[in-house]
Every structure is written in C-alpha cells, then in structure tokens.
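Taking this note's numbering, the leading residue of the sequence shown gets 3, the next gets one more, and so forth.
Taking it in order: structure first as structure tokens, then the write-up.
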Amino acid sequence: MSCSQEQTATRDPGGAEEISDSEFLDIELENLQPETPESCDGLSPALGNDCGTESETVEGPLIPKTDSAEEAGTPPELAGVSAGAGEGSTVLLRRKRVLAERSPLERFRLRYLCVTDVCGQAWCELQVVYGFELPHVPKREEESPEVKAGASIHLARELEVHDVVSVSAQSREDRWALKILNMLSMLPILQAGRRVRELPVFGMLEGVFLVGVIDELHYSHKGELVLSELKTRGPRSLPGRAQERSHHFQVRLYKLLFDSMVRGLLERDAFVQSLNLRPEQPLGSGVMEHAQKLGLHVHTFGGVLELALMNLSYSELPAIDVLKIEYCHQGSSDAIGTREVSFDEAGVRAELRNHLSYWIGQREPRGVDIEEAWKCRSCSFEEHCEWRRERAENATASNQTKRFK
Ligand code: SF4
Numbered sequence: 003m004s005c006s007q008e009q010t011a012t013r014d015p016g017g018a019e020e021i022s023d024s025e026f027l028d029i030e031l032e033n034l035q036p037e038t039p040e041s042c043d044g045l046s047p048a049l050g051n052d053c054g055t056e057s058e059t060v061e062g063p064l065i066p067k068t069d070s071a072e073e074a075g076t077p078p079e080l081a082g083v084s085a086g087a088g089e090g091s092t093v094l095l096r097r098k099r100v101l102a103e104r105s106p107l108e109r110f111r112l113r114y115l116c117v118t119d120v121c122g123q124a125w126c127e128l129q130v131v132y133g134f135e136l137p138h139v140p141k142r143e144e145e146s147p148e149v150k151a152g153a154s155i156h157l158a159r160e161l162e163v164h165d166v167v168s169v170s171a172q173s174r175e176d177r178w179a180l181k182i183l184n185m186l187s188m189l190p191i192l193q194a195g196r197r198v199r200e201l202p203v204f205g206m207l208e209g210v211f212l213v214g215v216i217d218e219l220h221y222s223h224k225g226e227l228v229l230s231e232l233k234t235r236g237p238r239s240l241p242g243r244a245q246e247r248s249h250h251f252q253v254r255l256y257k258l259l260f261d262s263m264v265r266g267l268l269e270r271d272a273f274v275q276s277l278n279l280r281p282e283q284p285l286g287s288g289v290m291e292h293a294q295k296l297g298l299h300v301h302t303f304g305g306v307l308e309l310a311l312m313n314l315s316y317s318e319l320p321a322i323d324v325l326k327i328e329y330c331h332q333g334s335s336d337a338i339g340t341r342e343v344s345f346d347e348a349g350v351r352a353e354l355r356n357h358l359s360y361w362i363g364q365r366e367p368r369g370v371d372i373e374e375a376w377k378c379r380s381c382s383f384e385e386h387c388e389w390r391r392e393r394a395e396n397a398t399a400s401n402q403t404k405r406f407k
C-alpha cells in the first residue's frame, strides 16, 4: 500500500512530446504554497515539482493567485528580471548582481533539490531556473494530451503492484513522514525478492540534499537488483542524444541515492537540518493511523525517521546492479525499446558537482549551446529568455558587420 499522490504533469526537460517519469506526476504541495518568513519551508512554489510522494488531501487552487511576486514565490529581487524584450543587457547585469548577493538555493529558499530538477539542467539549465523565477508562465506541456496519457500509464503501472490510499497530512513533518513511510513499507517487499514501484529516495550528495522517486526496482532472473525507469513518448522512436543524456543522468543519480541509503549512509542530522524539520513534532491523526495500518507504532516525526534509518541499516538490501530505461508509446502503451545505462560513480559525481555549482552560487546559469538552439522552440520561456535574446542580437550584429565589410 502506498500513500496517494496528487497526480499532475509538470515541465519536461525533454520537450512536450515526452513525459519524463513518475516524478513529474507529483506536485508537492509545499512547492505550491506562498512562503512567509514564519512558514518558509525552503521550497519554491515555482515548479510543479517532482519529488512529492507524500500523500495529501489537497483542495483549492494549486497555484495561488496573487499580485505579489514575493507571495507567488518569485523572490522580490528577481521580480523584474526578464521584464521585457530589449532589456537583455540590463537584465543580465541585474542577474549578476543578484547572484553575487545570495546563492540560488538561498534566493529560492530551497532546502533540497529534486533529481528531475538537476537532470533538467542537463537539458537546459536556464529553463529550470526560469521555472523558479517565472512561476506564472504557463508550461506548454502541462496540459498536453500526451503528458496526460503518460501520467495514466505511470499510474496504471503503480496500481499493478500496490493500492494507493489518500492520507491527510497536517504539517511539513507529516508530509515527510509519509514519504518515509512509503519507502519503509517497500523495504520488506524488496527483501522478499518482489517488485516495488514509486520508491522514494533521498540523501545528501555533494553537499546538497536530493530527493527523487524510483519508478521500479525488481530482481532479474540472475538475482541482480534492476532499476527500471519508464519514459513515455509521443513519437514511436527512441529519444535523441540530448534527451538520452538527461535520462541517463537521472537513473544514475537514483542509484547513488538508493545505494547510499541501503549502505546506512543517510544521516539523521543531515535529514532534519537540511529540511528544517522538527523531530519532536507529533504525527497528525491521519499519518499515525496510516503508520499503524503498516504495523508501525510511531508518534512523532523523529520516531518515523529513526525507524527508517534503523531499517535501512539492518536491511541488507543490495546496491542496484543494473540501470534500465524503458521507452513506451504514449498513445498505445506499446514498448518502443529498452536501454541499459552504464554507471561510473566518479563521473556521475563530477557531473552532479558541475550542476550544483550553479545552485550554490559559484556561477551563473547557462542556456543551451548554439547547436542545440532547436530546444528553444518547445520551451515555455522562449519569449522571456535573455540567453536566447542575447544570442539572437549577437547573430544580427555579426551579420550586419559582415554586410558592411
Ligand atoms: Fe533554455 Fe532556450 Fe528555453 Fe532559453 S529559450 S530557457 S536557452 S531552452
């Protein structure tokens, strides 16, 4: 039994024709609520974010309507960024000034990153950043029938292996407790050699807390633990290299997170401090009841966390042996193909450090290379993008120079 999730599709670094994975199906309520100094939980409402696996009963509009950029999640110092065409250089100067003052993690009040955000950087880093800076720009892919079809395929697969129940959460600690309970409930199933789906993973990697959801783990006939990531696609073809790069990075990050969890490397203090959670917070009645149904007698968030850490330490679950991505057609659910993904820990960590260097304020965000400008055509932020505008201006200037020579 898994806690229910608010199902919706969010932006896809791979473009509108493809939904990336189960993570894209979940909106974390925290990310969609305006933050106030008192209630700031370290999350931006900018993205329909992808790491929410906790159960929620959610009512009302997901993205609150407000006139204030700050309330809406855009930090005040960025409220005017990308305000209009023709302001490219001013905008860039302002962005640089803002960057010098606070890191993006601080500016967006993020306590953790979702795996899919980091992987989105492999597609276009600036697109991810705009997702936070310009939360009200409609995402082209969100309402597309392809994305909805992909969401249904993911949900159908999840329902094959467990029921989904809705649990009411009353606090941030409740929501994180539900994530942990989801993970905890799957450990014995995995230990019994059976398949699990939608497994939450989390942990500190290269100094930043990351959260994700593994589509599926099962054992092969050789006894290897296999991670299988489902990608649904509009076209009946495998993705190009740019999308593939991002998909490969995603499953490699999942392996890093899962392996460190089952090796007992998830630390209580890192969890509590990174996410600013109160271990002594009593669980709400809905979460407590849910835990009891799972046979767990816990009363506080700290109790759930301790139980999880103990279970992970003594689980004797193996590290993931094989990484696979399964591509299937959105319209028909037909299989398109399966790709096995290699793993080199040093390489993955180096790539992760490169992506995180933006979030910790060591550099500015980057848009796509000129050879990949085709990505901009399907980007929701095409009209607002200073990177794209600057390149277009440079190209015009260079053409004019050539003409006058
Ligand atoms: Fe990236 Fe192009 Fe979108 Fe700009 S328009 S955010 S460079 S994909």
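No residue lacks a Cβ here, since even glycine has one placed at the ideal position from N, Cα and C.
Would you report the Cα separation of residue i and residue j, rounded to the nearest angstrom?
i	j	result
Trp361	Trp125	16 Å
Phe345	Arg254	6 Å
Leu424	Arg365	Past the edges of the chain, shown from 3 to 407, lies residue 424, and the structure says nothing about it.
Ile182	Ser170	15 Å
Ser382	Gly133	9 Å
Glu200	Glu218	6 Å
Pro284	Leu212	25 Å
Leu314	Pro190	11 Å
Val324	Gly225	11 Å
Ile21	Leu309	For Ile21, the predicted model reports a pLDDT of 34, less than 50, meaning its position is unreliable; a value from the coordinates is still stated below. The straight-line gap from Cα to Cα measures roughly 34 Å.
Val343	Gly242	15 Å
Leu277	Met290	21 Å
Ile216	Val203	7 Å
Gly339	Val163	22 Å
Gly363	Glu269	25 Å
Ala151	Met188	26 Å
Ile372	His357	19 Å
Gln193	His156	24 Å
Phe303	Ala244	41 Å
Taking only three categories from DSSP, how would you classify residue i?
i	result
Ile338	strand
Ser230	strand
Pro106	helix
Asp217	strand
Phe383	coil
Leu319	coil
Val198	strand
Val289	helix
Glu328	strand
Gly152	helix
Leu80	Any reading at Leu80 must be qualified, since the residue scores a pLDDT of 43, below 50, and its modelled position is unreliable; the value itself is stated next. Here Leu80 sits in helix by DSSP.
Arg393	helix
Leu298	coil
Arg159	helix
Val169	coil
Val370	coil
Glu30	Note that Glu30 scores 35 on pLDDT, short of 50, meaning its location in the model is unreliable; the coordinates nonetheless yield the value given after this. In this structure, Glu30 counts as coil in the three-state DSSP scheme.
Leu212	strand
Gly304	helix
Leu112	coil
Lys240	A quick correction: the sequence has Leu, not Lys, at residue 240. Reduced to three states, the DSSP call for Leu240 is coil.
Leu207	strand
Val60	Low confidence applies here, because Val60 scores a pLDDT of 28, under 50, leaving its location unreliable; read the following figure in that light. Coil, per DSSP.
Using a Cβ-based criterion (distance less than 7 Å to any ligand heavy atom), does residue i qualify as near the ligand SF4?
i	result
Val370	yes
Glu366	no
Pro384	Per the sequence shown, residue 384 should be read as Glu rather than Pro. Within the cutoff, so yes.
Trp389	yes
Tyr132	yes
Gln402	no
Gly377	Just to set this straight, residue 377 is Lys in the shown sequence, not Gly. Lys377: yes, Cβ under 7 Å from the ligand SF4.
Leu128	yes
Cys381	yes
Starting from residue i, follow the alpha helix (DSSP H) in both directions and report where the run begins and ends.
i	result
Lys141	Where Lys141 is concerned, there is no enclosing alpha helix (DSSP H), given that its DSSP letter is neither H nor E.
Pro190	174-193
Arg243	243-264
Phe134	117-135
Glu347	347-361
Leu277	270-277
How would you label residue i, buried or exposed, when you count the other beta carbons within 10 angstroms and need 16 or more for buried?
i	result
Thr118	buried
Asn401	exposed
Trp389	buried
Val167	exposed
Trp178	buried
Asn184	buried
Tyr316	exposed
Tyr295	Note that residue 295 is Lys in the sequence shown, not Tyr. Exposed is the call here.
His386	buried
Asp336	exposed
Say the cut is 7 Å; is the CB of residue i nearer than that to a heavy atom of the ligand ZN?
i	result
Gln123	Ligands displayed in this structure: the ligand SF4; the ligand ZN is not among them.
Does the CB of residue i have a neighbour CB from chain B at under 8 Å?
i	result
Tyr256	Structure shown: chain B not included; a single protein chain is present.
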